[in-house]
Every structure is written in structure tokens, then in C-alpha cells.
């Protein structure tokens with residue numbers, strides 16, 4: 475098998491397109507080559523890198539979730555950094571001939587970077603300049619598609635583009651999908667990964683984990699995030715402010731021994747569960763002792779994070795009717811994360827799961843033609 479390499483290691487595939495062009499780059503700390511060189515430095519040395527674009531958390535990853543990201547100058551290269559969140563929501567492309575995108579995704583609908591890519595594609599289509607995706611492996615692999623299908627009524631910054639919870643595509647494949655299905659009209663190119671197959675999980679790439687955002691510090695946290703993300707829409711801590719966000723969830727009022735036992739009784743494959751105690755340093759219950767559970771993933775290929783997350787949510791809700799609540803009043807964040815209001819309303823039943831399963835199958839068939847890897 476060919477050794478795995480990122481798209482940034484495969485620049486020869488797009489070199490003719492980049493030579494002599496004034497380039498803009500959308501990136502963050504995950505934009506590293508296989509020998510751990512920053513894509514910013516590589517492109518600055520080889521080409522005319524004129525501008526950096528900062529997504530959530532900034533190009534150097536120095537901003538927490540939701541923190542303001544402003545315009546600045548990159549200290550290492552002197553290249554101007556433009557926030558993707560300013561300028562009246564428009565991407566500043568004046569003086570740029572081509573945009574590159576290089577950010578590690580986690581393959582889940584509620585992770586925001588793919589919508590940064592969508593925004594960039596639409597801006598490039600309007601400006602009539604090409605966009606190149608320097609591709610990276612999906613840490614969760616490309617062979618599993620599951621979860622809820624998003625209802626367009628609940629489209630938001632944490633969900634859209636007709637995606638299921640776990641969509642089984644790399645960033646470049648996602649870009650090809652939305653360009654084709656949503657008729658964006660972007661002049662789109664990809665520098666594909668080398669040695670990537672659809673069945674590979676992140677450990678199979680042999681690449682060290684670089685956290686794509688402050689609260690996905692490990693591969694295990696990305697695996698657990700598929701199901702524990704829903705606690706972001708509740709008054710249960712999703713583990714932010716600890717060293718194990720999304721692997722641990724809890725609250726001061728939780729009956730954690732009872733919750734852990736209920737989970738164990740289901741015999742979910744690929745995971746071990748234990749009750750834990752933690753005190754977040756920020757976010758929900760900062761400085762308060764929380765009683766919670768920790769998910770120890772022993773086999774990420776067998777682990778179904780979506781099913782475990784929903785069971786955990788329902789169990790905590792039923793055991794704590796006086797304490798548990800969803801965050802929101804007229805609108806609820808959980809609905810945007812779930813892509814529907816059925817989970818919050820307790821209506822996500824077997825019939826709805828069957829409808830979602832049929833829709834997932836159709837989604838897989840529709841996206842096959844956009845695949846770059848087999």
C-alpha cells in the first residue's frame with residue numbers, strides 16, 4: 475500500500491495552476507505537511523502567498539470557540555490575515571487570483587469548517603477565480619454514513635447542505651458534492667491525498683493527531699463527538715473546560731452511577747463506560763464539581779457514537795426530569811445540531827429512524843460520483 479500523504483504533500487498535482495498567481499489561503503494549525511511543516515510557510519516559499527483567511531479559532535488556533543477573530547498580520551511571514559467573519563460577511567478577494575483551502579475536518583455535519591469552505595466556494599464563483607482544496611483524510615473514515623438527515627428548516631452554521639450527521643466524505647469530496655448538487659459554479663480543483671482508501675480511520679494514516687480546534691484535542695474526542703455533541707444544546711456539560719471534552723459529560727445533579735450502569739446494560743460495542751467526577755475550568759459549571767460518565771472507545775470501527783449519544787441523552791433526560799433542560803426558548807440549539815426537532819420533542823422513533831436509513835442510502839448513492847478515493 476502506498477504511504478499516506480496529505481494534499482499539501484501533493485502540490486505537484488496543482489503546481490501549474492498556482493505558478494505566477496496571487497494566492498489566498500484558508501487554513502489553521504492542522505495545515506501541516508507530513509513532515510510537519512506549515513502550509514503557510516510552504517506556500518509562502520514556493521509561490522506568491524498574498525493573504526491568509528482566518529476561520530473560527532484563527533489561522534494559528536489561538537482563539538477559543540465563539541471568540542472574536544479579527545484581521546491581523548501573521549507574525550511568521552508578514553502575510554495579512556483577513557477574518558472570515560468580518561467585512562459584512564463577504565470574503566475579501568480583491569487582488570487574489572486563486573484561493574486554497576487546507577483544514578483538517580472531522581467528517582461530521584456540525585463541525586463548522588466545511589461551511590467556511592462552502593462560503594469560500596460561493597465567493598470564488600462570484601469573483602470568477604479558482605479554488606483548490608488541499609485534501610486531508612476524514613479521521614472517522616469514508617465508509618460509514620449515518621445519523622439524522624438534516625431538515626432544511628433547521629439549516630444553520632452547524633448544519634446544512636443536505637448532509638447526514640456523519641457524511642463519509644473528505645473536504646475535497648464534499649466540495650465536489652455541493653458544487654455539483656447545489657450548482658455553485660465554482661472553478662474547483664483538488665490536490666488529493668496519496669495512499670488514502672475509504673476504509674482508513676485516522677490511526678491508519680500513521681499521522682500524528684493535531685487538534686483541529688481547541689475542544690477536539692484527541693482522536694478519541696473526535697470519535698465521541700459524533701454523539702456527545704448533542705449535549706451542547708443542553709444544560710449538561712459536554713466536557714469543555716476539561717482535558718477530555720466530548721469524552722466526558724456530566725452535571726452537578728447527575729446520578730452518574732445510575733447513568734453509567736444503564737449504558738453498560740446496553741452492551742454497546744467498541745466502548746467502555748465508567749462514572750467520573752470533573753470540575754470544568756470554563757464553560758458550563760465552571761468551578762463546580764460535576765458528576766458524569768466517561769466514554770472509553772476501545773474499537774472506533776465498531777463504536778456507533780450516534781446511537782450511544784442519543785441513548786445517553788434520553789437516559790439522562792428521563793432520570794432527571796426536574797434538572798435536565800434544553801437550552802433555548804423559542805429556538806433550541808439542539809434542533810440545529812440534530813437537524814430536526816424530533817429528538818427534543820421525544821418523537822425520534824423507530825419509524826423516523828427507518829425513514830432516515832432510507833434517506834442515508836439515497837445520500838450515499840447520490841454522492842458516489844463525487845468520490846476521489848476507493
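Numbering (the numbering used here), first residue to last: 475 to 848. We put the beta carbon where it would ideally sit given N, CA and C, even for glycine. Owing to the predicted nature of the structure, the values given are computational and were not obtained by experimental measurement.
C-beta contact flag for residue i and residue j at 8 Å
i           : j           : result
residue 781 : residue 651 : no
residue 834 : residue 620 : yes
residue 586 : residue 632 : yes
residue 801 : residue 708 : yes
residue 688 : residue 578 : no
residue 555 : residue 546 : yes
residue 482 : residue 524 : no
residue 535 : residue 502 : yes
residue 807 : residue 778 : no
residue 625 : residue 666 : no
residue 563 : residue 527 : no
residue 584 : residue 816 : no
residue 649 : residue 607 : yes
residue 647 : residue 786 : no
residue 695 : residue 672 : no
residue 813 : residue 773 : no
residue 693 : residue 722 : no
residue 645 : residue 588 : yes
residue 628 : residue 809 : yes
residue 700 : residue 836 : no
Exposed unless 16 or more other CB atoms sit within 10 angstroms - verdict on residue i
i           : result
residue 590 : buried
residue 567 : buried
residue 495 : buried
residue 731 : exposed
residue 639 : buried
residue 479 : buried
residue 531 : buried
residue 714 : buried
residue 819 : exposed
residue 830 : buried
residue 712 : buried
residue 716 : buried
residue 795 : exposed
residue 642 : buried
residue 597 : buried
residue 544 : exposed
residue 559 : exposed
Nearest residue (CA-CA) to residue i, options the options
i           : options            : result
residue 595 : 663, 721, 612, 523 : 663
residue 658 : 715, 640, 592      : 592
residue 853 : 556, 557, 790, 575 : One cannot answer for residue 853 here, as it falls past the ends of the chain, which runs 475 to 848.
residue 720 : 571, 754, 522, 551 : 754
residue 519 : 503, 493, 544      : 493
residue 603 : 846, 491, 752      : 491
residue 798 : 505, 727, 736      : 727
residue 683 : 706, 504, 670, 823 : 504
residue 605 : 580, 699, 784, 572 : 572
residue 783 : 611, 710, 648      : 710
residue 637 : 838, 693, 717, 597 : 838
residue 514 : 814, 680, 804, 551 : 551
residue 488 : 521, 588, 508, 669 : 521
residue 848 : 821, 681, 668      : 668
residue 763 : 628, 690, 724, 775 : 724
residue 599 : 565, 704, 827      : 565
Backbone secondary structure at residue i - three-state DSSP
i           : result
residue 748 : strand
residue 770 : strand
residue 488 : coil
residue 708 : strand
residue 697 : helix
residue 677 : helix
residue 670 : coil
residue 522 : strand
residue 496 : strand
residue 645 : helix
residue 663 : strand
residue 622 : strand
residue 722 : strand
residue 797 : coil
residue 528 : strand
residue 802 : strand
residue 549 : coil
residue 481 : helix
residue 556 : strand
residue 576 : strand
residue 834 : helix
residue 684 : coil
residue 640 : strand
residue 633 : strand
The ligand MN heavy atom lying under 7 Å from the CB of residue i
i           : result
residue 632 : Among the components of this structure there are no ligands whatsoever, and the ligand MN is therefore not found.
Pair every Cβ in the stretch 666 to 686 with every Cβ in the stretch 746 to 764, then say whether three or more of these pairs are closer than 8 Å. No contact exists between the stretch 666 to 686 and the stretch 746 to 764.
Three Cβ pairs or more, each shorter than 8 Å: is that satisfied between the stretch 763 to 783 and the stretch 732 to 748? With the cut-off at 8 Å, the stretch 763 to 783 and the stretch 732 to 748 touch.
Counting Cβ pairs, one atom from each stretch, are 3 or more of them under 8 Å apart for the stretch 789 to 796 and the stretch 600 to 619? As far as the Cβ criterion goes, the stretch 789 to 796 does not touch the stretch 600 to 619, which means the pair count is below three.
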